[in-house]
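My numbering numbers the first residue of the sequence shown as 2 and each following residue consecutively. Ideal Cβ placement from N, Cα and C applies to all residues, glycine included. Only one structure is covered here, and it is reproduced in the block below.
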Amino acid sequence: MAVITISRESGSGGREIAALLSEKLNYKIFTKTVMMELAARLEAGLSAQEQAAAPNILDELIDRIAPTGRQEKTQTPAIDFEKPLTIRQVRDLVMAAYQHDNMIIIGRGSQVILADKTDVLHVRVIAPVEKRVAVRAAREGLSLKEAQKKLADADKAHVDFVKNFFDVDNRDPLLYDLVINTEKISITAAADLILLALEKISKPE
2 MAVITISRES GSGGREIAAL LSEKLNYKIF TKTVMMELAA RLEAGLSAQE QAAAPNILDE
62 LIDRIAPTGR QEKTQTPAID FEKPLTIRQV RDLVMAAYQH DNMIIIGRGS QVILADKTDV
122 LHVRVIAPVE KRVAVRAARE GLSLKEAQKK LADADKAHVD FVKNFFDVDN RDPLLYDLVI
182 NTEKISITAA ADLILLALEK ISKPE
């Protein structure tokens, strides 16, 4: 089946939609956290021979990603989440996830990296800022003012990442096959729409 990429505004329900799709499709979820873990494992004391075999090691690590997006229990090296990945690392990791099929890739410019792949469904999940602020405030126990500040920072980080790495605005609707506004469309309905679109991509008329 096709791979799904999901770009989402913070608090729009994109992660919840991905979790529901993972359950329905038995897809694995490829997140920023998973990407950082994989990069850390690949860098952690690999010999020259192991470095040459890195793609195969990466395949094995991706195979161990649980459907929820968490890796199975293994010895994990300390991960510095402040250390930025290179554009080559991001591209290699996204391409490795794509090649495994049956994967939901969240963010990381995957809609740009895989733009020319006909078997990938690119989805953007959005919602009005007022709703997203309320969601974040409730989820994290914040005041509306605090939630609004965190939301603005998260949105900026998403935009800046794609802009800095790929010189593209991730808010451009032409990057996506499907844009879903969760103000009126529920998480369940959004997942159903994606499933329908996925079927059309997997079996073109």
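Is residue i buried or exposed, if buried means 16 or more other CB atoms sit within 10 Å of its CB?
i, result
"Ile-140", "Rather than Ile, the amino acid found at residue 140 in this sequence is Arg. Arg-140 is exposed by the Cβ-count criterion."
"Gln-100", "exposed"
"Ala-128", "buried"
"Asp-93", "buried"
"Glu-200", "exposed"
"Ala-192", "buried"
"Thr-6", "buried"
"Arg-16", "buried"
"Thr-87", "exposed"
Just list the residues that DSSP pairs residue i with in beta bridges.
i, result
"Asn-182", "Ile-127"
"Arg-9", "Val-126"
"Val-4", "Val-121"
"Ile-105", "Ile-5, Ile-30"
DSSP three-state call for residue i: helix, strand or coil?
i, result
"Ser-23", "helix"
"Thr-32", "coil"
"Glu-17", "helix"
"Ala-54", "With a pLDDT of 47 at Ala-54, under the threshold of 50, the predicted position of this residue should be treated as unreliable, though the coordinate-derived value follows. The answer is coil: DSSP assigns Ala-54 none of H, G, I, E or B."
"Tyr-177", "coil"
"Leu-199", "helix"
What distance in whole Å lies between the Cβ atoms of residue j and residue i, which are believed to be in contact at a cut-off of 8 Å?
i, j, result
"Ile-105", "Ile-186", "Contact flag wrong, Cβ pair sits at about 18 Å."
"Ser-8", "Asn-171", "6 Å"
"Leu-21", "Ile-188", "6 Å"
"Asp-117", "Ala-3", "With a Cβ gap of about 14 Å, Asp-117 and Ala-3 do not count as contacting."
"Leu-179", "Lys-25", "About 16 Å; that fails the 8 Å criterion."
Alpha helix (DSSP H) segments (min. 4 residues) lying fully within the stretch 107-171: Here the runs fully enclosed are 111-114, 130-141, 145-167.
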